[in-house]
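Below is one structure, written out as structure tokens; the observations come after it.
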Amino acid sequence: MAEIARDYHMRLQQDESGGKSPGAREADIARALNTIERRVQPERAVELGNEITYEECEFALRFSKSTSAPGLDGLTYEMWKTLHARFTEDSRHEDRDAFDVLAVLVAAFRDVQLYGVCETTGFTDGWIHLLYG
4 MAEIARDYHM
14 RLQQDESGGK
24 SPGAREADIA
34 RALNTIERRV
44 QPERAVELGN
54 EITYEECEFA
64 LRFSKSTSAP
74 GLDGLTYEMW
84 KTLHARFTED
94 SRHEDRDAFD
104 VLAVLVAAFR
114 DVQLYGVCET
124 TGFTDGWIHL
134 LYG
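At position 118 of the sequence shown (counting the first as 1) the number is 121 in our numbering, and the numbers step up by one without a gap.
Below is the structure:
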């Protein structure tokens, strides 16, 4: 089932030959965006522009559905939660090496906030799943 959904969304993202020109596509996007009646309140816009925090990522991870996967790789939130729990436990012991996977995720999210996404990475391929997963 997940593969069917992935394939469907991948096909949606592909430009078909003979499709609309980039200018026509941009005009369609602008027209669609202009029909949105609700706007972000100015104070919320400032908040959304703030740097992502470790605490926000930890909160989001804690309340994510464990059995869903945020990306096309199929790695579930349960895996990320388990890695974070192991870090929490390992960091309580001086004799253990502790790997903070959440710090790595925060660094990646902040990098995207600052510099955007390199178009050749395919990084955003799984974002539809984050929104609807």
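Glycine included, C-beta positions come from ideal geometry on N, C-alpha and C.
- Within the same chain, and ignoring the five residues on either side of Tyr-80 in sequence, the residues whose Cβ sits closer than 8 angstroms to its Cβ are Leu-64, Ser-67, Lys-68, Ser-69, Thr-70, Ser-71, Ala-72 and Pro-73.
- Taking a contact to require three or more Cβ pairs closer than 8 angstroms, the stretch 82-97 and the stretch 39-56 do not qualify as touching.
- Shown here, Arg-42 sits in coil according to DSSP, grouped into three states, outside any helix or strand.
- If you draw a straight line from the Cα of Asp-10 to the Cα of Thr-85, it is about 28 angstroms long.
- Here Tyr-57 really is in contact with Ala-106; their C-beta atoms are around 7 angstroms apart, less than 8 angstroms.
- In the structure shown, Arg-95 falls within a coil segment according to DSSP collapsed to helix, strand and coil.
- In this structure, the straight-line span from the alpha carbon of Cys-60 to that of Leu-108 is close to 8 angstroms.
- Distance from Arg-113 to Ile-55 at the Cβ level is roughly 6 angstroms; contact confirmed, criterion being Cβ atoms closer than 8 angstroms.
- Contact between Trp-83 and Val-104 holds, with the beta-carbon distance rounding to 7 angstroms and staying under 8 angstroms.
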